[in-house]
Structures are given as C-alpha cells and as structure tokens.
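Working notes, beginning with the structure itself.
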Amino acid sequence: MISDLLSSLNEQQRAAVTAGDGPVLVLAGPGSGKTRVLTHRVAWLVSEQRIAPWRIMAVTFTNKAAREMRARLEQLLGQDLRGLAIGTFHAICVRILRREAPAIGLNPEFNIFDETDQLAVVKRALEDLKLDEKRFRPQALRSTISKAKNEMIAPQEYTARTYWEEVAGRVYSRYQEILQANSALDFDDLLMQTVLLFRQAPAVRAEYQERYQHILVDEFQDTNSAQYELVRILCGRWRNLFVVGDEDQSIYRFRGADYRNVLRFREEFPNARVILLERNYRSTQIILDAANAVIAHNLHRTPKRLHTDRGQGPSITIYEAYNESDEANYVVEQIRRLSESGAAPLGGCAVMYRTNAQSRALEDAFVAAGMPYRLVGATRFYERREIKDLLAYLRVVHNPNDDVSLGRILNVPPRGIGAQTVNTLDAWAGANAMSYVTALRRLKAGEDGPFTNRARAPLLRFLDLLEGWIDASARLTPAQLLDRILDQSGYTPFVRDGSEEGEDRWANIQELRNVAAGYNGLAGEEGAGPRAALGAFLQEVALVADVDALSDEADAPTLMTLHTAKGLEFPAVFITGLEEGLLPHARALDDPDQMEEERRLFYVGITRAREYLFLTHAFRRRVFASDETAARSRFLDDIPNRLVQGRGARERQEAARAALRRETTWTTGGTGRAVAWAPGQQAATASTLAGNGQQAAPRGSQFAPGDRVRHALFGDGVVISTSLTTDDEEVTVNFAGRGVKKLLASFARLQKL
DNA sequence: AAGTTTCTACTTTTT
DNA sequence: GTAGAAACTT
37 MISDLLSSLN
47 EQQRAAVTAG
57 DGPVLVLAGP
67 GSGKTRVLTH
77 RVAWLVSEQR
87 IAPWRIMAVT
97 FTNKAAREMR
107 ARLEQLLGQD
117 LRGLAIGTFH
127 AICVRILRRE
137 APAIGLNPEF
147 NIFDETDQLA
157 VVKRALEDLK
167 LDEKRFRPQA
177 LRSTISKAKN
187 EMIAPQEYTA
197 RTYWEEVAGR
207 VYSRYQEILQ
217 ANSALDFDDL
227 LMQTVLLFRQ
237 APAVRAEYQE
247 RYQHILVDEF
257 QDTNSAQYEL
267 VRILCGRWRN
277 LFVVGDEDQS
287 IYRFRGADYR
297 NVLRFREEFP
307 NARVILLERN
317 YRSTQIILDA
327 ANAVIAHNLH
337 RTPKRLHTDR
347 GQGPSITIYE
357 AYNESDEANY
367 VVEQIRRLSE
377 SGAAPLGGCA
387 VMYRTNAQSR
397 ALEDAFVAAG
407 MPYRLVGATR
417 FYERREIKDL
427 LAYLRVVHNP
437 NDDVSLGRIL
447 NVPPRGIGAQ
457 TVNTLDAWAG
467 ANAMSYVTAL
477 RRLKAGEDGP
487 FTNRARAPLL
497 RFLDLLEGWI
507 DASARLTPAQ
517 LLDRILDQSG
527 YTPFVRDGSE
537 EGEDRWANIQ
547 ELRNVAAGYN
557 GLAGEEGAGP
567 RAALGAFLQE
577 VALVADVDAL
587 SDEADAPTLM
597 TLHTAKGLEF
607 PAVFITGLEE
617 GLLPHARALD
627 DPDQMEEERR
637 LFYVGITRAR
647 EYLFLTHAFR
657 RRVFASDETA
667 ARSRFLDDIP
677 NRLVQGRGAR
687 ERQEAARAAL
697 RRETTWTTGG
707 TGRAVAWAPG
717 QQAATASTLA
727 GNGQQAAPRG
737 SQFAPGDRVR
747 HALFGDGVVI
757 STSLTTDDEE
767 VTVNFAGRGV
777 KKLLASFARL
787 QKL
C-alpha cells in the first residue's frame with residue numbers, strides 16, 4: 037500500500053520521503069508539496085522502517101497543521117498513532133514541561149501567560165523597582181525580554197551596553213522572579229525552560245534523546261535560537277533530523293526567527309543530505325514568474341527557480357484605488373465577478389493585507405454589498421475582555437498562586453474591593469513574600485493584616501467563593517465549573533446589562549463554554565480527571581492561533597494578514613494596500629534586512645494564489661484620524677509588465693488617453709463621491725481608474741448573440757447578448773439546465789463551439 | 001467605591 | 001476613531 041503512496045510523488049519528493057538515516061534538509065519552494073513530503077515521510081517511517089509512532093516527533097507551525105497531519109496519517113496508515121508527538125514547538129514543550137516540571141523546581145500546574153499578562157508583570161516589575169513607565173515603556177521592555185529569551189539569554193547573562201539596557205536587565209530579573217512566584221511561564225519560557233531542563237537534567241535529556249529516534253521540523257526557516265537548540269539537543273542520540281524550509285518564506289524575524297538557522301544546520305551537519313523541491317504544483321506560470329521576479333531582489337538567499345507545467349494562466353491585475361473604501365469596493369466587486377463567472381467560488385477567494393487595521397474598510401464593503409466573509413484574526417477571540425476575565429477565574433482555580441489573574445478578577449464584577457484595598461493587599465503580600473491567595477487565607481485564619489474593617493468583608497467573601505470553586509474543580513468538568521463561576525461570581529448579570537454589546541459578549545461566553553465542553557477529562561491519554569481536563573483546556577486556549585479556527589467549509593471569501601496566510605492557498609488572491617509605508621511597512625524603510633523581510637512577505641502572498649492575482653493600492657488612505665496620500669509600493673515595480681493586464685507600453689498610452697477624455701466627468705467607481713483628480717497626476721496609473729478596475733484597452737467583440745459556447749463549470753450554452761465595457765466584454769449566456777449567467781470574457785474563458 | 005467624563009496612545013506581523 | 005487609562009464627580 038505504501039508503494040502506491042510513493043508512486044504519487046515526483047522524484048525529488050520521493051528522494052526526500054525515503055531518505056535514509058541521518059540529517060536531511062529539504063529546501064522546498066512554495067507549492068512544492070512539502071506538507072505532503074512531511075506526512076509521507078512519517079508514514080514511510082512507520083510502515084516501511086517499522087519505527088514505532090511514539091518514537092517520532094513532528095513539529096508543525098500551527099495546531100491546525102498538526103491536526104491535519106495526524107488525520108491524514110491515520111487515513112494513510114489506518115492505524116492508531118497514539119504517542120506520535122505532533123504539534124507546535126510550544127505545544128510539545130508544554131507537554132514535556134508538565135511532565136518534567138519537578139526536575140527544575142517548577143509547579144506542574146503552571147499557568148501560561150500571554151502578552152497581556154506579560155505586560156502586567158512588566159508593570160509590576162517597574163513598580164517594584166520604582167521606575168517610571170514613561171521612560172521605560174512596558175511594551176519595549178516586554179519585547180526586549182522576549183528577544184533575550186528567544187536567544188536563550190537568562191537574566192544573569194544579560195549584558196547591557198546602554199543605561200536603558202542596564203535597566204532592562206534589572207526589569208528582566210524582577211520579571212522572572214514574579215513569574216516564578218506566580219508559578220507561571222510566558223510563551224518564550226515554554227521554549228527556553230525546556231532547553232534549560234535538558235541542559236540541567238542529564239537523565240531527563242537522555243531519556244528524551246533515546247525516545248525520539250526521528251525528529252521532523254516544518255517551516256524550519258522560522259525557528260528561533262531556542263527552538264534550534266531544542267531540536268539540536270533532542271536529535272543528539274540518533275541524529276535523524278529532517279527539516280523542511282524555504283528561506284524565502286521566512287517572515288517571523290520579529291519574534292526571533294532567523295532563516296540563517298538553515299545555514300547553521302548545514303554547517304553543524306555537514307553530512308546532511310540536501311534535497312531541493314523546485315517544482316510547483318499550485319500556481320500558474322505567470323504567478324510564479326511574478327514571485328520569482330519579486331524575490332530575486334533579495335540579496336541574502338540561494339537563488340532558485342520555481343517552475344510549473346500548469347500553463348500561463350490569466351494575467352495579474354493591478355488596481356489603483358482612490359482611497360481605502362474604493363479599494364475595498366473594488367475587491368468585493370471583483371470577487372463577485374469571479375464567482376458569478378464561475379472562475380472561482382467565493383470560498384476560493386482570499387483578501388490579504390499587511391496590518392489587521394486594514395480589515396475594517398474591507399469588512400464595511402463586504403457588509404454593504406451583502407456578501408458574507410470570514411475574518412481571521414483582528415480582535416482575537418481569546419483577547420476579548422469577557423473571555424480573558426473568565427479565563428482568569430479558571431486560571432486562578434487551576435493555579436491559585438497566579439496573582440496576575442487573581443488581580444484581574446478580584447473586583448470584576450465590582451464587589452467592593454477597590455483600588456485602595458488591592459494596593460493594601462499587594463503591599464502586604466509583597467512584604468511577606470506570599471501570594472495574594474495566601475494573604476487572603478491568613479486573613480481568614482484570623483489575622484487582621486493592614487486592612488480596614490470595611491475592606492475585610494468583601495475580601496473574605498471573595499475567598500470563600502474561590503475556595504468553593506477550587507474544591508469543586510476536583511469533581512466538575514471545566515464547562516460545569518465555568519457555569520458555576522458565572523452563576524456565583526455575578527458575572528452573568530454583569531455582562532448582560534441589556535445592551536446589544538452585552539448580548540454579543542454573552543454570546544462570546546457561550547462560545548467559550550462550547551470549547552470548554554470539549555474537555556471532560558474522561559478518557560484522554562494525558563491523564564484523566566477534572567483537574568487534568570482543566571489544565572488541558574487552559575493550555576489549549578493559551579496556545580491557539582487564529583488560523584487554527586479557520587474552517588474550510590463556509591463558502592465565503594477569507595480576510596487575513598499576510599502572516600496568517602502562510603501555508604494556505606486559494607484560486608484567487610487579492611493583496612491590498614501595496615503602498616510605501618504599508619507594504620513595505622514604514623518600520624522597514626530604513627533597514628535593508630527588514631526590507632528583505634517585507635519582500636518575503638509579499639512573496640508569500642503572491643505564491644498563495646493558484647490562478648488569479650489582484651494587487652491593489654490606494655491613492656489616499658486613512659491612517660488613524662488623518663487622510664494621507666500614499667505612493668505605490670516599490671514592490672509593484674518589480675513585477676514585469678508582460679505579466680500584468682494592460683501594462684504593456686501600447687496599452688498604457690491608449691489607456692492614458694482614455695483617462696484624459698474622461699477626466700471632466702470622472703467620479704470614483706466605489707465611493708460614489710465625486711473626486712477631484714488633477715489632470716496628469718499619476719497619469720500612468722490613471723488607466724487603472726478608468727472603467728471599473730480592469731485596465732486592458734478596449735478590444736473588439738469576441739462573441740455575438742447566437743454563438744454556442746462552452747464553460748468549464750456551467751457546460752454548454754448559447755450567447756444571448758454581449759456588451760463591451762471599457763475594458764472587457766460582458767457576455768450573457770443561457771446554459772443548458774443552468775439558466776442565464778452573465779460572464780466576463782476575460783475571466784470565464786469561454787470556448788466557442 | 002463606583003460611575004462618568006476626558007485624555008491618550010495606538011498600528012506591524014504571532015506562537 | 002477607538003479602547004483603555006487617568007482624572008474627576010457622586
């Protein structure tokens with residue numbers, strides 16, 4: 037059966053899948069089937085090499101990818117893959133740390149702190165050290181600390197070269213102490229502490245090294261130092277490290293990723309087998325040519341040439357909008373045309389942008405047009421206030437030492453524990469080196485503490501509630517526990533205040549409850565019982581990515597950032613906001629390295645497209661309150677004219693002339709508002725504004741009423757009527773059994789019979 | 001202590 | 001133009 041599977045692979049893919057023992061580096065261009073290679077490699081190891089699933093570790097970039105790989109493997113092998121370690125670096129590390137926590141003096145029921153929690157800890161550290169938040173911005177400190185951890189630099193190893201860094205070092209130390217006192221780890225700790233565990237506990241290290249006979253890592257170009265170190269240690273016994281990556285798709289430098297880990301791998305494993313996958317199965321030649329032309333500008337890369345035998349395909353469309361709402365309307369309009377012409381289903385269209393803030397104008401346009409859409413990211417579900425509040429309740433129950441979570445909910449909903457009381461509690465707990473909950477318990481045991489009589493009662497009432505929940509957590513499932521908390525804390529009436537927004541928040545809470553209901557602690561290999569279920573639920577929730585929740589079912593266009601688009605593919609892709617300052621982002625303009633990363637980001641976006649690629653930019657754009665004009669992105673100039681609709685010299689001349697003729701009466705297509713447009717301004721791009729977005733020069737009619745035509749999706753039909761628009765031909769066709777459809781000649785690719 | 005109004009920083013990207 | 005913090009009132 038496995039030979040059948042191998043027969044579906046090309047030569048390079050098969051070489052990678054069946055590579056023998058030892059280190060292997062697969063350099064895989066976009067769309068070259070690297071996920072397939074990874075999956076088949078595991079399948080091959082299990083079925084042909086007789087490697088037990090539990091001796092294999094596969095690291096993916098998202099939880100979704102992990103789920104899909106496991107499902108695919110079970111399908112391929114038809115066998116139980118229990119024990120096979122598949123997951124993100126973070127998820128795998130959590131599992132290891134929960135099990136081995138005692139070896140490094142860690143509470144196994146540690147909580148995981150997200151960015152908001154980290155910020156709260158930084159602020160407390162600043163307060164403890166009597167430092168000014170204005171001079172030492174918590175956000176900047178947080179990112180400095182994170183960067184240090186990604187590079188495996190402990191607080192005591194942190195060396196400062198400036199005064200600011202000297203302060204940052206002290207904040208880092210205090211920050212780490214606070215985490216420890218809270219029995220909490222932040223995202224970066226998950227990686228760093230696992231490496232430290234392996235460094236400090238040789239017996240534990242040896243056990244894991246012995247167990248994992250094969251280690252596979254996807255998206256290797258986006259690993260950071262800590263992750264690199266982790267796999268380097270883990271493969272120490274067997275040296276069977278199989279990594280797949282593409283330096284051109286490295287887009288996570290800001291979180292410590294370094295594509296040079298690919299080079300480092302080649303140096304440290306000089307005997308590694310290197311396999312190149314250059315054949316692309318996804319995109320048309322035109323799209324690949326554009327991608328190649330864009331990425332060729334980057335200096336720090338190994339040149340490679342993607343190729344396909346999928347044919348030329350339709351030209352790329354570049355559209356200059358007047359402003360962001362015109363851009364959004366254009367996108368919606370084009371998606372409608374694509375779907376009505378049968379060129380791409382709604383669900384096959386994706387709209388991508390550099391920053392989440394750009395989604396708003398797009399959403400407005402989709403709503404106004406009555407077109408459904410799926411939004412990935414933006415205000416993330418788990419960052420909503422009501423969700424964070426309730427998770428804080430659960431986290432305190434899971435780990436009562438978590439002062440950050442406790443502080444969050446102490447007076448939410450308001451229960452008479454005001455700022456003054458919280459300050460007093462904090463000072464008292466701090467002075468005695470105890471957690472808040474310990475302080476409250478001492479209060480209950482009869483100690484007076486520094487509190488006024490009036491403050492004591494609400495504190496004790498709160499502690500009673502909390503103790504009740506901790507007690508209940510031994511018996512109730514996470515969902516039942518959540519219900520009890522909602523009921524007893526008064527949170528339900530607190531959110532459901534009668535406002536529409538309140539009902540939205542309540543709906544979010546119901547959604548959270550649904551997720552919690554998936555964790556009942558019954559079977560599960562990871563240890564049964566309600567407490568374990570609570571831990572599993574909180575861990576899952578802490579590590580989810582937005583794409584993880586992206587379902588493939590709904591037939592609606594997807595809106596997302598270029599970053600979240602990595603690893604996905606769509607028949608039709610729109611990349612919006614191609615403007616200097618946005619893509620490339622303003623923060624990259626004066627840094628060549630960051631500029632290269634922006635270019636890679638654009639490259640990733642382009643290569644998501646299978647067939648249709650639309651690149652848009654706006655002449656004006658609202659950035660926070662003010663309206664600013666934006667120059668078209670330099671990246672657009674990298675795309676050869678021959679790949680772009682209507683960007684040949686002749687067409688440009690003609691279109692410019694057409695635009696000039698139209699100048700006096702011209703209004704924007706999208707906004708409906710009349711727009712003053714200086715003659716001659718942006719003459720070269722004015723062509724894109726003429727007509728409703730298509731920019732090819734007018735041609736003659738290709739079809740006439742009565743023509744019999746064939747369409748890939750709708751079958752055979754007869755042309756009823758045809759009309760020329762400024763840039764295209766709209767053909768109305770009656771299809772046998774499918775009814776009358778309006779199609780655009782340029783998209784529908786009708787075949788005359 | 002809680003509710004209301006005013007101010008301010010905010011936009012890179014995310015496990 | 002908005003969300004969260006700070007300032008101010010009840």
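The numbers in the first sequence follow the working numbering, run straight up by one, and end at 789. Quick reminder that beta carbons are idealized off the backbone N, C-alpha and C, glycines included.
| query | Do the segment 113-121 and the segment 87-97 touch if we need at least three Cβ pairs shorter than 8 Å? | reply | yes
| query | Between which two residues does the alpha helix (DSSP H) harbouring M631 extend? | reply | Taken as a continuous stretch (DSSP letters only), the alpha helix (DSSP H) holding M631 covers P628 to I642.
| said: Can you give me the C-alpha to C-alpha distance between Y555 and L604, rounded to a whole angstrom? | reply: Going from the Cα of Y555 to the Cα of L604 covers about 29 Å.
| task | Please state if the CB of E615 and the CB of A543 are separated by a distance shorter than 9 Å. | result | no
| Minimum length 4: unbroken alpha helix (DSSP H) runs contained in the segment 226-310 | 238-247, 261-270 and 296-304
| So what's T474 in DSSP terms, helix, strand or just coil? | helix
| query | Comparing alpha-carbon positions, which option in Q263, D540, E151 and D325 lies nearest I128? | reply | Q263
| field | K170 - partner residues in DSSP beta bridges | value | For K170, which the question treats as bridged, DSSP gives no partner whatsoever.
| Extent of the continuous alpha helix (DSSP H) run through F671 | From DSSP, the alpha helix (DSSP H) with F671 extends over R670 to D673.
| task | Can you tell me the Cβ-Cβ gap for F149 and V440, rounded? I've got them flagged as a contact below 8 Å. | result | 7 Å
| Going straight from the alpha carbon of R315 to that of L81, what length do you get? | 24 Å
| query | Got a sec, what are the start and stop residues for the alpha helix (DSSP H) G466 sits in? | reply | A455 to A467
| Near R668, what residues of its chain come up, given a Cβ to Cβ distance below 6 Å and the 5 sequence neighbours on each side ignored? | By the criterion of a C-beta distance shorter than 6 Å, R668 is surrounded in its chain by H653, once the five residues flanking it on both sides are discounted.
| task | State the DSSP-derived secondary structure class of A190, mapped to helix, strand or coil. | result | coil
| message | Contact defined as beta carbons within less than 8 Å: I believe V680 pairs with I269. What is the distance between those atoms, to the nearest angstrom? | response | Contact between V680 and I269 fails: their C-beta atoms lie close to 49 Å from each other, not under 8 Å.
| field | K100 in three-state terms, based on DSSP | value | Secondary structure of K100 (DSSP, three-state): helix.
| said: Measuring straight from C-alpha to C-alpha, what distance separates Y355 and Y366? | reply: 8 Å
| query | Can L252 and R241 be called in contact, C-beta distance under 9 Å? | reply | no
| Do three or more CB pairs link the segment 626-640 to the segment 279-289 at distances below 8 Å? | yes
| message | Bridge partners for S662 per DSSP, in chain order? | response | Partner(s): V659.
| said: Measuring straight from C-alpha to C-alpha, what distance separates L649 and P350? | reply: 9 Å
| Sub-9 Å separation of Y527 and L426 beta-carbons | Contact: yes.
| request: Using the Cα positions of R160 and A455, report the straight-line distance between them to the nearest angstrom. | output: 15 Å
| So, helix, strand or coil for V158, using DSSP? | helix
| task | Can you grab the Cα-Cα spacing for the pair W274 / E304, in whole Å? | result | 15 Å
| task | Tell me, to the nearest whole angstrom, how far the beta carbon of G65 is from that of L313; I am working on the premise that it is less than 8 Å. | result | 6 Å
| field | Residue closest to D362, alpha-carbon to alpha-carbon, out of A404, N677, P59 and R431 | value | A404
| Counting pairs of beta carbons, one from the segment 565-582 and one from the segment 129-146, are three or more of them closer than 8 Å? | yes
| field | Euclidean distance between Cα positions of G571 and E145 | value | 7 Å
| First through last residue of the alpha helix (DSSP H) which encompasses G504 | N489 to A508
| request: Under 8 Å by Cβ, that's how I've got M388 and T597 pegged, so tell me the actual separation to the nearest angstrom. | output: Distance from M388 to T597 at the Cβ level is roughly 7 Å; contact confirmed, criterion being Cβ atoms closer than 8 Å.
| task | Indicate the three-state DSSP secondary structure (helix, strand or coil) for D438 in the structure shown. | result | Three-state result, D438: coil.
| said: Less than 7 Å between C-beta atoms, sequence neighbours within five positions excluded: which residues of the same chain meet that for D153? | reply: V440
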